[in-house]
Amino acid sequence: MKRLAVLISNKGTGTNLQAIIDGVESGQIIGKIAAVVSDTPDAQGLKRARKHNLQIEICPKKENLLPLLEKLAPDYICLAGWKQIILPEVINTFSNRILNTHPGLIPDTLDGVVKNPDGAEGLWNRGKLTDAAIQNFLDQDAGYAGCTNHFLSDEFDFGKVLGRCFEKVQPGDTVESLYTRLKVKENKLYVDVLTKLCGEEK
1 MKRLAVLISN KGTGTNLQAI IDGVESGQII GKIAAVVSDT PDAQGLKRAR
51 KHNLQIEICP KKENLLPLLE KLAPDYICLA GWKQIILPEV INTFSNRILN
101 THPGLIPDTL DGVVKNPDGA EGLWNRGKLT DAAIQNFLDQ DAGYAGCTNH
151 FLSDEFDFGK VLGRCFEKVQ PGDTVESLYT RLKVKENKLY VDVLTKLCGE
201 EK
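Everything in the sequence shown is counted per the UniProt record's numbering, starting at 1 for the first residue and increasing by one.
1. Using a Cβ-Cβ cutoff of less than 7 Å, which residues in the same chain neighbour MET1 once the five nearest sequence positions on both sides are dropped?
2. Could you check whether GLU167 and ALA145 sit closer than 8 Å to each other, using their CB atoms as the reference points?
3. Might you give, ordered along the chain, the residues of its own chain that have their beta carbon closer than 6 Å to the beta carbon of CYS75, omitting 5 neighbours on each side?
4. Assuming ALA35 and ILE8 form a contact by the criterion Cβ under 8 Å, report the distance between their Cβ atoms to the nearest whole angstrom.
5. Using the Cα positions of THR174 and PHE137, report the straight-line distance between them to the nearest angstrom.
6. Starting from GLY146, trace the beta strand (DSSP E) both ways and give me its first and last residue.
7. Could you compute how far the alpha carbon of HIS52 sits from the alpha carbon of LYS11?
8. Looking at the unbroken beta strand (DSSP E) that takes in ASN100, where does it start and where does it end?
9. Is the CB-CB distance between LEU68 and VAL37 below 8 Å?
10. State yes or no: is the C-beta of TYR179 within less than 8 Å of the C-beta of ILE20?
11. Can you give me the C-alpha to C-alpha distance between GLY45 and THR13, rounded to a whole angstrom?
12. What's the call for PHE156, buried or exposed, on a 16-neighbour Cβ count within 10 Å?
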């Protein structure tokens, strides 16, 4: 059974964490949440962690993350609204084991392109945080928004792609309305990716 560490912050609402908790408790994800790690004690996701009696760790300094994770010994680390910079030594120690969801369509290669369901070129949104990324889909009149679950790498906003999802942009969409719909698919994607990873023998 794979051990998962879920990293959250006060930036998010904890929906990806909740999706992972539900996936584990339903037996879809063959794994155990070793701990929920937050960089601040006021993250909304910590309420979800306490409700499910999960171990909680607070890590305010990025320099302390590696020793904490080494102590927890997770098979996979799930970034779920984590806002701290992940230092290179953490990425190197847990190579191809740190999952992240990016609010854009990361290609399989640095010079690659992702095609939307309508055949148009998907937007990578490299370097853009969530609200700015969703706004960019609207500003560019994209037919589809999308997000990518990938392994973190030294290359900024890039890494082995584990899965993608798309959401059709509707007339009159705002950042909030579009992201609310995309978020549902993002949560499901995270669970589907973990289900596959945790079902694989290492």
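Ideal placement from N, C-alpha and C gives every residue a C-beta, glycine not left out.
Reading from the atomic positions:
1. ILE30, GLY31 and LYS32
2. At the C-beta level, ALA145 and GLU167 come within 8 Å of one another.
3. With the sequence shown as reference, residue 75 is identified as Asp, and Cys is not the correct amino acid for it. So the list reads LYS2 and ARG3, once near-sequence residues are dropped.
4. Contact doesn't hold; Cβ gap of about 11 Å is too wide.
5. 10 Å
6. Annotation for GLY146: the continuous beta strand (DSSP E) segment containing it runs 144–151.
7. 21 Å
8. 98–102
9. A contact, by the Cβ cut-off of 8 Å.
10. no
11. 6 Å
12. exposed
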